[in-house]
Amino acid sequence: MSSIQYNYDVVVIGGGHAGCEAALASARLGARTLLLTINMDHIAQMSCNPAVGGIAKGQVVREIDALGGGMGRITDAASIQFRMLNSGKGPAVWSPRSQCDKVCYQKAMKFELEKAENLIIHQAEASGFLTGGDKICGVTTTFNETFKCKSAVVAAGTFLSGKLHYGLLNYPGGRAGDPPSCRMSESLGAQLGIRLGRLKTGTPPRVLAKTINFGKMIVQESDSPDEYFSYFPEDRAFPRAVKRDMPCHLVKSTLATSEIIRNNLDKSPLYQGVISGIGTRYCPSFEDKVIRFPHHETHLLYLEPEGEFTGEYYINGISTSLPPEVQVQMLHSIPGLENAVISRYAYAIEYDFVHPDQLSRSLAVKKWPNLFLAGQINGTSGYEEAAGQGLVAGLNSARFANGLEPVELGRETSYIGVMIDDLVTKEIVEPYRLFTSRAEYRLMLRQDNADIRLCPLAHSIGLLPSAKFAKFTGYFNRLKEIEQKFRTEKHENQTIHGRLKALGGVVPSKMDFPLPYLDLSSQEDRRILRQLIISAHYEGYIERELRSVKNLQKLELWKIPKDFNYDAITGLRNESRLKLSKILPGTLAQASRIDGVTPAEISLLQVHLKRIFQPTIHASGK
Ligand SMILES: Cc1cc2nc3c(=O)[nH]c(=O)nc-3n(C[C@H](O)[C@H](O)[C@H](O)COP(=O)(O)OP(=O)(O)OC[C@H]3O[C@@H](n4cnc5c(N)ncnc54)[C@H](O)[C@@H]3O)c2cc1C
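Counting from 1, one number per residue, gives the positions in the sequence shown under our numbering.
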């Protein structure tokens with residue numbers, strides 16, 4: 001037994017994007033929460049590119065904000081460039097993205113944690129667990145401390161038995177400059193019997209600005225948005241970046257760059273079999289791009305500033321694990337980078353992850369119901385994916401500590417729900433990242449309406465404070481009132497609603513017909529107008545999506561008991577039986593999303609479940 005002992009409700013392990021949101025959510029629910037992290041100065045570190053948001057990820061950040069989390073507000077504080085991606089396409093796929101000042105982001109998040117009530121942060125490496133029956137009773141650290149707890153969250157990111165690769169040279173590390181976490185890996189695997197796998201990711205070199213010839217590159221300026229990430233921009237009590245419009249630059253690699261890759265594959269740990277972890281297809285290393293897509297002669301690269309008070313640039317698109325001397329050659333073959341000096345070399349990292357089919361949709365480990373996992377440890381990649389899971393894990397760990405049932409987010413209400421359902425239902429064979437195409441209800445899951453989708457739930461479970469909820473309801477009630485009036489009131493024989501619908505989802509810079517009730521000099525009224533135009537445009541499609549949601553909700557009502565015996569069902573194919581027994585879906589809807597389980601098998605399961613219970617279908621169909 002260790003010398004120092006403390007009692008908490010919830011212990012969160014890891015001060016990355018997942019751990020920070022987990023700790024904030026848990027503390028917000030009143031649970032006495034401890035956040036343990038290896039290095040306090042690296043809290044909320046952006047290990048890879050200094051940007052938050054992007055396709056589908058931007059929607060997640062807005063969802064986190066609507067759920068009372070920190071990422072949206074902190075990103076707004078640290079933003080040095082904001083763009084609405086996909087703005088040339090339909091509003092369903094518009095995705096906000098902010099280039100961030102990396103240091104400002106970290107400082108702001110650390111300060112947010114320090115200010116939070118019920119939350120203590122402490123620098124220490126968690127090494128193991130105290131257990132009793134099927135429960136975690138405490139967390140131990142390498143300082144010989146014991147933190148007793150009612151539930152715990154592990155959000156250890158890329159640190160579990162992490163190994164860094166620079167060419168054929170490799171050594172242990174959690175990311176450049178941080179040690180790995182090896183004991184935690186052992187504790188999860190050997191002590192708790194959790195199945196681990198191995199994944200890989202990588203990061204490009206950073207280059208000094210004064211050695212870059214930006215004159216040879218295309219400039220990409222910031223958009224001038226009417227709103228940023230947070231629905232509650234007034235809630236900003238932390239350090240803030242001053243510059244709001246630092247440009248990025250675009251440039252293309254050359255034939256010579258690809259030639260350098262082909263000539264040096266013998267030095268690539270990826271191509272020499274030194275790396276066994278599986279990397280992400282969607283964010284390939286530069287050597288993968290050259291070898292797997294030989295028909296692309298050149299590749300687009302983005303030069304992104306790492307912050308306001310630093311001369312370092314991140315070269316997005318040229319992630320590699322080739323050795324330093326080859327990285328220098330590669331960069332010098334690119335226009336504008338002929339004399340570039342690398343401040344930090346690119347590297348690849350391999351790490352242990354937990355196969356997430358061992359989790360339920362609350363993010364609890366099925367065989368350890370008070371242990372929650374969140375972030376890259378669950379096989380995802382990306383800050384936003386990590387933060388979204390962190391919020392759910394923190395919420396449910398605090399609920400567990402308070403003796404409450406878990407809250408699960410549905411696929412029809414959020415991208416966070418889509419992601420978690422995918423993680424626990426599908427086999428993860430490569431790092432998982434979100435895309436809009438993963439959501440079947442993407443016309444409803446837009447970045448502009450995350451508050452409408454999630455604020456009421458967030459408030460009802462204690463995540464969203466009353467003042468913010470009052471702001472939301474003020475906006476929402478006015479929106480609905482004006483929408484109602486626009487459906488009936490006419491201008492030149494056409495309802496205003498009809499006129500807005502005819503705009504096809506495009507928000508014009510100036511309206512060519514009068515709009516009663518709205519004062520477009522007010523930011524809130526401009527928001528209401530945007531919302532009315534977008535929702536009028538999607539009206540018909542959304543009705544169709546809602547019908548399909550009702551069918552899904554009916555299947556969600558068919559709960560499958562944890563001890564359901566799939567062996568007793570004749571007629572299931574062996575492949576499906578194995579998958580069902582391994583994943584143990586909580587509902588028939590979840591079972592229907594398991595790859596390879598057929599609709600006929602779902603009907604068969606339903607017949608067997610009917611013998612156990614009949615779900616109550618309300619008159620509304622829910
Ligand atoms: C080299 C590299 C390249 C990447 N490239 C990409 C990319 O191209 N695209 C992309 O989307 N994402 C990329 N990522 C991933 C991105 O950094 C993560 O998705 C994101 O940071 C995950 O957040 P997290 O909170 O799960 O973990 P992390 O941000 O890794 O944070 C983990 C935290 O846990 C702490 N910790 C670990 N073990 C312990 C312990 N035993 N006790 C106490 N604290 C502990 C660490 O100190 C750290 O604070 C990359 C990461 C790395 C390292």
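Ideal Cβ positions, reconstructed from N, Cα and C, are used throughout, including at glycine. All figures in this text were calculated on a predicted structure; none of them were measured in a lab.
Complete alpha helix (DSSP H) runs within the region 494–577 (minimum length 4 residues, chain order):
496–501 and 523–556
So who's on the other strand from histidine 165, going by DSSP bridges?
What you label residue 165 is simply residue 165 of the sequence shown in a count that begins at 1. According to DSSP, histidine 165 bridges with Asn170 and Ala348.
Taking C-beta to C-beta, are glycine 336 and phenylalanine 214 nearer than 8 Å?
In the sequence shown, counting from the first residue as 1, residue 336 sits at position 336. In the sequence shown, counting from the first residue as 1, residue 214 sits at position 214. Result yes, Cβ atoms of glycine 336 and phenylalanine 214 sit closer than 8 Å.
How is the alpha helix (DSSP H) around glycine 19 delimited, first residue to last?
Numbered from 1 along the sequence shown, position 19 holds the residue referred to as residue 19. First-last of the alpha helix (DSSP H) with glycine 19: 17–28.
Is any non-hydrogen atom of ligand 1 found closer than 7 Å to the C-beta of cysteine 283, if you look at the structure I gave you?
Counted from its first residue, the sequence shown places residue 283 at position 283. Indeed, a heavy atom of ligand 1 lies less than 7 Å from the Cβ.
Could you tell me if the beta carbon of isoleucine 55 falls within a distance shorter than 7 Å of some heavy atom in ligand 1?
On the sequence shown, position 55 is the one that residue 55 refers to. False, no ligand heavy atom lies under 7 Å from that Cβ.
For the 8 Å Cβ check, are there 3 or more pairs between the region 81–92 and the region 141–153?
no
Bridge partners - cysteine 248, DSSP secondary structure assignment:
Taking the sequence shown and counting its residues from 1, one reaches residue 248 at position 248. For cysteine 248, which the question treats as bridged, DSSP gives the partners Gln220.
Helix, strand or coil: how does DSSP classify proline 204 here?
What you label residue 204 is simply residue 204 of the sequence shown in a count that begins at 1. If DSSP states are grouped into helix, strand and coil, proline 204 belongs with coil.
Measuring straight from C-alpha to C-alpha, what distance separates threonine 280 and threonine 201?
For the purposes of this step, residue 280 is identified with residue 280 of the sequence shown, where counting begins at 1. For the purposes of this step, residue 201 is identified with residue 201 of the sequence shown, where counting begins at 1. Distance between the alpha carbons of threonine 280 and threonine 201 is about 7 Å.
Cβ of glycine 14 versus every heavy atom of ligand 1: is any distance shorter than 7 Å?
For the purposes of this step, residue 14 is taken as residue 14 along the sequence shown, with counting starting at 1. Yes; taking the cut-off as 7 Å, the Cβ of glycine 14 has a heavy atom of ligand 1 nearer than that.
So the candidates are Tyr415, Gly174, Ser397 and Arg361; which of them puts its Cα closest to the Cα of glutamate 408?
One-based indexing of the sequence shown puts residue 408 at position 408. Cα-wise, what sits closest to glutamate 408 is Arg361.
At a cut-off of 7 Å, would you count arginine 344 as near ligand 1, judging by its Cβ distance to the nearest heavy atom?
Locating residue 344 in the sequence shown gives position 344, counting from the first residue. No, the beta carbon of arginine 344 sits no closer than 7 Å to any heavy atom of ligand 1.
Rounded to a whole number of angstroms, what is the C-alpha to C-alpha distance between glycine 19 and alanine 31?
Your numbering for residue 19 matches position 19 in the sequence shown. Your numbering for residue 31 matches position 31 in the sequence shown. Near 15 Å, if we compare the C-alpha coordinates of alanine 31 and glycine 19.
Please report how far the alpha carbon of glycine 14 lies from the alpha carbon of leucine 363, in whole angstroms.
Working through the sequence shown from its first residue, we reach residue 14 at position 14. Working through the sequence shown from its first residue, we reach residue 363 at position 363. Glycine 14 and leucine 363: Cα-Cα distance of roughly 16 Å.
For leucine 199: DSSP bridge partner residues
As a working note, residue 199 is residue 199 in the sequence shown. DSSP output for leucine 199 lists Ile278 and Tyr351 as bridge partner(s).
Assuming glycine 29 and valine 12 are in contact, meaning their beta carbons sit under 8 Å apart, how far apart are those beta carbons, in whole angstroms?
The count along the sequence shown starts at 1 and reaches residue 29 at position 29. The count along the sequence shown starts at 1 and reaches residue 12 at position 12. Rather than glycine, the amino acid found at residue 29 in this sequence is leucine. At roughly 13 Å, the Cβ-Cβ gap does not stay under 8 Å, so leucine 29 and valine 12 are not in contact.
I need the DSSP call for cysteine 48, collapsed to helix, strand or coil.
Reading the sequence shown from its first residue, position 48 is the one you call residue 48. Three-state DSSP puts cysteine 48 in coil, outside helix and strand.
Our contact map puts glycine 382 next to glutamate 21 with C-beta atoms below 8 Å; I'd like the distance itself, whole angstroms only.
Stepping through the sequence shown from its first residue, residue 382 is reached at position 382. Stepping through the sequence shown from its first residue, residue 21 is reached at position 21. The pair is not a contact, with the Cβ atoms about 13 Å apart (cut-off 8 Å).
Alpha carbon to alpha carbon, how far is arginine 97 from glutamate 384? Give it in angstroms, no decimals.
Taking the first residue of the sequence shown as position 1, residue 384 is located at position 384. Taking the first residue of the sequence shown as position 1, residue 97 is located at position 97. Between glutamate 384 and arginine 97, the C-alpha separation is close to 11 Å.
Please report the Cβ distance between leucine 445 and tyrosine 432, rounded to the nearest whole angstrom; I am assuming they are in contact, meaning their Cβ atoms lie under 8 Å.
Walking along the sequence shown from the start, residue 445 turns up at place 445. Walking along the sequence shown from the start, residue 432 turns up at place 432. Their Cβ separation, rounded to whole angstroms, is 17 Å, which puts leucine 445 and tyrosine 432 out of contact at 8 Å.
Coarse secondary structure for lysine 471, derived from DSSP in three states:
Locating residue 471 in the sequence shown gives position 471, where the first residue counts as 1. Looking at lysine 471 - three-state DSSP - the assignment turns out to be helix.
How is the alpha helix (DSSP H) around threonine 425 delimited, first residue to last?
Taking the sequence shown and counting its residues from 1, the one referred to as residue 425 is at position 425. 415–425 is the span of the alpha helix (DSSP H), which, as asked, contains threonine 425.
How would you label tyrosine 8, buried or exposed, when you count the other beta carbons within 10 angstroms and need 16 or more for buried?
If you number the sequence shown from 1, residue 8 lands on position 8. That one is buried.
Candidates Lys267, Arg236 and Thr211, of which the one nearest serine 109 by Cα:
The sequence position of residue 109 within the sequence shown is 109, counting from 1. Note on identity: in this sequence residue 109 is methionine, with serine being the wrong assignment. Nearest C-alpha to methionine 109: Arg236.
How many angstroms separate the CA atom of tyrosine 351 from the CA atom of serine 258?
Residue mapping note: residue 351 aligns to position 351 of the sequence shown, counting from 1. Residue mapping note: residue 258 aligns to position 258 of the sequence shown, counting from 1. Those two C-alpha atoms are separated by around 28 Å.
Contact check, isoleucine 377 vs glycine 157, beta carbons under 8 Å
Counting from one through the sequence shown, the residue named residue 377 turns up at place 377. Counting from one through the sequence shown, the residue named residue 157 turns up at place 157. Against a cut-off of 8 Å, the Cβ pair of glycine 157 and isoleucine 377 comes out as a contact.
Nearest to serine 181 by alpha carbon, out of Thr37, Pro269 and His295?
Working through the sequence shown from its first residue, we reach residue 181 at position 181. Ranking the options by Cα distance to serine 181, first place goes to Thr37.
Threonine 320 vs proline 204 beta-carbon contact at 8 Å:
Counting from 1 along the sequence shown, the entry for residue 320 is found at position 320. Counting from 1 along the sequence shown, the entry for residue 204 is found at position 204. For threonine 320 and proline 204, yes; Cβs fall inside 8 Å.
Hey, how far is the Cα of serine 460 from the Cα of aspartate 223?
Residue mapping note: residue 460 aligns to position 460 of the sequence shown, counting from 1. Residue mapping note: residue 223 aligns to position 223 of the sequence shown, counting from 1. If you take the alpha carbons of serine 460 and aspartate 223, they lie about 35 Å apart.
Do you know offhand how far phenylalanine 372's Cα is from asparagine 39's?
Residue mapping note: residue 372 aligns to position 372 of the sequence shown, counting from 1. Residue mapping note: residue 39 aligns to position 39 of the sequence shown, counting from 1. Going from the Cα of phenylalanine 372 to the Cα of asparagine 39 covers about 22 Å.
In this structure, does DSSP put glutamate 312 in helix, strand or coil?
As a first step, residue 312 is located in the sequence shown; it is residue number 312 there, counting from the start. Strand, per DSSP.
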